[in-house]
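Under my numbering, think of the first position of the sequence shown as 2, with each following residue one higher. The C-beta atom is built at its ideal place from N, Cα and C for all residues, glycine as well. Model, not experiment: these values are computed from the prediction.
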Amino acid sequence: MEQSGQRGALVVAPLELVDLAGEGACTSVTWAEGRITVLETADVLVLFELPNALGAPPTVTRARWDVVARVCGTDCWSTVPDLDPPRVITRRWPTPDHLDIIRGLSLPDPPA
Numbered sequence: 002m003e004q005s006g007q008r009g010a011l012v013v014a015p016l017e018l019v020d021l022a023g024e025g026a027c028t029s030v031t032w033a034e035g036r037i038t039v040l041e042t043a044d045v046l047v048l049f050e051l052p053n054a055l056g057a058p059p060t061v062t063r064a065r066w067d068v069v070a071r072v073c074g075t076d077c078w079s080t081v082p083d084l085d086p087p088r089v090i091t092r093r094w095p096t097p098d099h100l101d102i103i104r105g106l107s108l109p110d111p112p113a
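Below, the structure is given as structure tokens:
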């Protein structure tokens, strides 16, 4: 990313409408590991973790926004004041302990 000039670039995550098994139609926003991201409050937060090994697939975890907020929100993001709709800006990625809890409470993958 350094070569492309993207290092440290701020990402504004788009709000999407998705259909999740057992949840129906929901709003969803994706937070990718390693990126400072502005997130709009959504029903579902998708955590996109980078792989630990070359050639390994990324880990994608879908969890309810309120679950992630309770587990690590105050540790990992700050509210951006005076925005409507409300948004947060990420400060750091969840710890391994946070991720274990979130994975244990995650939602099923969407239908293919």
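Can you round the beta-carbon distance between Arg-93 and Glu-41 to whole angstroms, since I take them to be within the 8 angstroms contact cut?
So it is not a contact: roughly 19 angstroms between Cβ atoms.
Assuming contact is defined by CB atoms lying nearer than 8 angstroms, are Val-68 and Leu-16 in contact in what I supplied?
no
Going by DSSP, what residues sit across from Cys-27 in a beta bridge?
Val-19
Using C-beta distances below 8 angstroms, list every residue in its chain close to Trp-78, excluding the 5 sequence neighbours before and after it, in chain order.
Leu-40, Val-89, Ile-90, Thr-91, Arg-92
Unbroken alpha helix (DSSP H) run spanning Val-69, endpoints
66-69
State the start and end residues of the unbroken beta strand (DSSP E) segment that holds Leu-48.
45-50
Let me make sure I understand the geometry here. Which of Val-12, Cys-73, Asp-44, Asp-110 has the alpha-carbon closest to that of Ile-102?
Cys-73
Would the beta-carbon of Leu-108 fall within 8 angstroms of that of Arg-71?
no
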